[in-house]
Each structure stands twice: as structure tokens, then as C-alpha cells.
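J.: Here you go, one structure.
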Amino acid sequence: MTVGRGAAIFGCAGPRLLPEERAFYRDADPFGFILFARNVEDPAQLRRLTSDLRDAVGRDAPILVDQEGGRVQRLRAPHWREWTPPLDTVDGAGSVEAAERIMRLRASVIAAELADVGIDADCIPTLDVVRPETHPFLMNRCYGRDPETVARIGRAVAEGLMAGGVLPVMKHMPGHGLSHVDTHHDLPTVDVSHDELTAVDFAPFRALNDLPMAMTAHLVFAALDRDRPATQSPTMIRVIREEIRFKGLLMSDDLNMQALSGTLAERTARTIAAGVDIALHCKGDMDEMVAVAGAAGVMGPEALARAEAAVAARRPATVDLKAALAELAHG
-8 MTVGRGAAIF GCAGPRLLPE ERAFYRDADP FGFILFARNV EDPAQLRRLT
42 SDLRDAVGRD APILVDQEGG RVQRLRAPHW REWTPPLDTV DGAGSVEAAE
92 RIMRLRASVI AAELADVGID ADCIPTLDVV RPETHPFLMN RCYGRDPETV
142 ARIGRAVAEG LMAGGVLPVM KHMPGHGLSH VDTHHDLPTV DVSHDELTAV
192 DFAPFRALND LPMAMTAHLV FAALDRDRPA TQSPTMIRVI REEIRFKGLL
242 MSDDLNMQAL SGTLAERTAR TIAAGVDIAL HCKGDMDEMV AVAGAAGVMG
292 PEALARAEAA VAARRPATVD LKAALAELAH G
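Set out below in C-alpha cells:
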């Protein structure tokens, strides 16, 4: 098999793979893994960890990270470049055309740094449209205040990543910009019309619906499903598949976020039942991973086909890192 059958992506506890983690991953056979700052010390250590994770499942499993630049950046100085927040970079570019070029170059450099340590998927572009009520935790992680700008910058970011040999994972589908609270702690409810959502929040995702992977949003869209967050809503997953027309692999945002209720097994079961392909669990806690793996089960035929297509979308890097850095330095 080119992909794992387990309908989950897992984190691990620390900078080195533990024997019990290795045994669990071998049995659970997850689609892939995700890394955080707790897993990162230096390039040599990180290369060993990514190699050990893949060795544990016996294949070239995708390894993801959130390397947005700014506050959400898991690989940091002194071993990796520090980046300004995306919205600050876009605002400072002077024009959308200049921002596209800068963000494409920046993404290609980020990708080169990730690929060098064995990471081959980055959870960007962030396609949420900034609104006046956007929570500060999210705002400067975004690319713009209108859907056209967000889509253009998002496409440039995706192209830059792919040029650097890294898969993009667009988020937070179908749009998080109207959230006025932090979903790590609370469940937001968006109460605007379906027409407005379609015209603004869903639009960047529709423009980039050909990308191989996407991550869901933990927020309630009251106009469509007043009772369940998008991650656990069959109605919202139908919107993603039929209105936005996304055909790629759909993963949840982290199921540990307090926007969701119930046990982790319950959260996972609701997510998979809604139509999400992959349950994301980031914490690296063994008991929790066992619960998530049991509730997620294995991918069905359609999810498995999407997983295989996502993995097949990986390409060798074509970016000229020296040239990209020189162009970035000249602004």
C-alpha cells in the first residue's frame, strides 16, 4: 500500500520516537503524522525523527507541520528562518501582484527548509477572509480582507510550496474569518446568510478546490446547521463537496480543541460520520491516540482513493533556493 489505511493523523510526544509509539503506529497504520515545537530541536534530530516515523509504518507516510510564519511557526531560529506574520507581509507588499510574488517565494523557501528535514506537507494556505470581528489569534495569519485577494495569495502560496516539494493543506474550510473567539477554547457561531458565506467565506476555497488536501473548521454556520460545528456536520461536509466542489482529502482540525464537546472517541466518531476523511489528533498522548484510532477506524474506499491521490500529488522540488532567497532579499 502507498498509504496507511488508518483514518487518522497523529502527533508524537517528544523529539524522539518512543518504543511504545513505534508499536502503536505500526498497528494503527495512520495516514500520516504531524509535528509541533515539542518535537523539534535541530535539523539532525528532526531528520532522525521523520525517518523513524516513516520506518515505524514501513512507508513514505506524509509528515505535516504548521509552518505559517509569524506566531504559528513550529521550526524557528536559530536553525530555521523567522518570518513575519502573513497579513503583515501582504499589507507591506504595496500591491496584490507584489504580495503574490513575495508570498510565492517565501512559501518556496519554507518548503525547502521543511523538505530538508523530511517534512512534506504544510498546513497552509490559510484561506480565511479577514473580517472586523476576526479573532486576533487568527487575524494576522490570514492573507487579506476580500476573497479575491485571499484566493490569489493562497494560490501563490500553494504554488510556492509545491515548487519546494511540499504539499499544501488549505484551511480552515469552509472559512473561519467570521469567528470572534479562539476555537482552542470556545465554539464560535457564525450567524450570516448562506448567500454571504458563499460570496465571501467559501469563495477562496472554491477558487482553490483543486488542491490535494484541506482542513476543516470548528465553528457553527447557523444558516446551514445550527447544531453542529462544520467538522462534525454532514450538512457542511456536503457544502464542501458539492458547493465548494472540493474533491481532495479532507482532514479535521485538531480534535483536542475545546470548541468540540464529548470524549475524544465521541468527537472522532462524529467527525468521521459527518464525512471527514481523516481525524487529526495532535497532542501525542498515548491513551488519547488509542481512543482516536479506535473511533476513526480505517478509511472507506472513497477516502482511501482521495488519500492515494493526495500522496501521488507529491513532486520533487524544483525551486532554486539561492535564487529565491536573493529575490526575497531585494523585496
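In my numbering, the protein residues as written are -8 to 322.
Where is the CB? At the ideal position from N, CA and C, for every residue including glycine.
(1) Please identify the residue among F212, V148, D216 whose C-alpha is closest to the C-alpha of G168.
(2) On a Cα-Cα basis, can you pick out the residue from I144, D51, R136 that is closest to V191?
(3) To the nearest angstrom, how far is the alpha carbon of V281 from that of E318?
(4) Do R67 and the ligand PLP come close, with the Cβ less than 8 Å from some heavy atom?
(5) Let me know if Q249 comes out buried or exposed under the rule of 16 or more other beta-carbons within 10 Å of its beta-carbon.
(6) Which ranges would you report for the beta strand (DSSP E) in the stretch 183 to 214 if only whole runs of at least 3 residues count?
(7) Within 8 Å, do at least three Cβ pairs link the stretch 69 to 77 to the stretch -7 to 11?
(8) Let's test the definition: count the other Cβ atoms within 10 Å of the Cβ of K162 and tell me whether it reaches 16, buried, or not, exposed.
(9) Would DSSP call V310 helix, strand or coil?
(10) Out of V63, L105, K313, R143, which one is the CA nearest neighbour of R132?
(11) Going straight from the alpha carbon of D33 to that of E12, what length do you get?
(12) Using only alpha-carbon positions, find the residue among G156, L44, M204 that is nearest to L105.
(13) Please work out which residues of its chain come closer than 6 Å, Cβ to Cβ, to T140, disregarding the five sequence neighbours upstream and downstream, and give them in chain order.
T.: Taking the structure as given:
(1) For the purposes of this step, residue 168 is identified with residue 177 of the sequence shown, where counting begins at 1. From the listed residues F212, V148, D216, the smallest Cα separation to G168 is found for F212.
(2) Residue 191 sits at position 200 when you count from the first residue of the sequence shown. The shortest Cα separation from V191 among I144, D51, R136 belongs to R136.
(3) Position 290 of the sequence shown, counted from the first residue, corresponds to residue 281. Position 327 of the sequence shown, counted from the first residue, corresponds to residue 318. Distance between the alpha carbons of V281 and E318: 47 Å.
(4) The model depicted lacks the ligand PLP and carries no ligand whatsoever.
(5) Your numbering for residue 249 matches position 258 in the sequence shown. When all chains shown are included, Q249 counts as exposed.
(6) For the stretch 183 to 214, whole beta strand (DSSP E) runs of length 3 or above, ordered along the chain, are 204 to 207.
(7) The stretch -7 to 11 vs the stretch 69 to 77: no contact.
(8) Counting from one through the sequence shown, the residue named residue 162 turns up at place 171. Classification of K162: buried, given that the 10 Å Cβ count is 16 or more.
(9) In the sequence shown, counting from the first residue as 1, residue 310 sits at position 319. Correct three-state label for V310: coil.
(10) Numbered from its first residue, the sequence shown carries residue 132 at position 141. V63 is the residue among V63, L105, K313, R143 whose C-alpha sits nearest the C-alpha of R132.
(11) For the purposes of this step, residue 33 is taken as the residue at position 42 of the sequence shown. For the purposes of this step, residue 12 is taken as the residue at position 21 of the sequence shown. Near 21 Å, if we compare the C-alpha coordinates of E12 and D33.
(12) Your numbering for residue 105 matches position 114 in the sequence shown. Looking from the CA of L105, the closest CA among G156, L44, M204 belongs to G156.
(13) Sequence index remark: in the sequence shown, residue 140 carries index 149 (1-based). Residues V87 of the same chain have their beta carbon placed closer than 6 Å to that of T140, with the five preceding and five following residues left out of the count.
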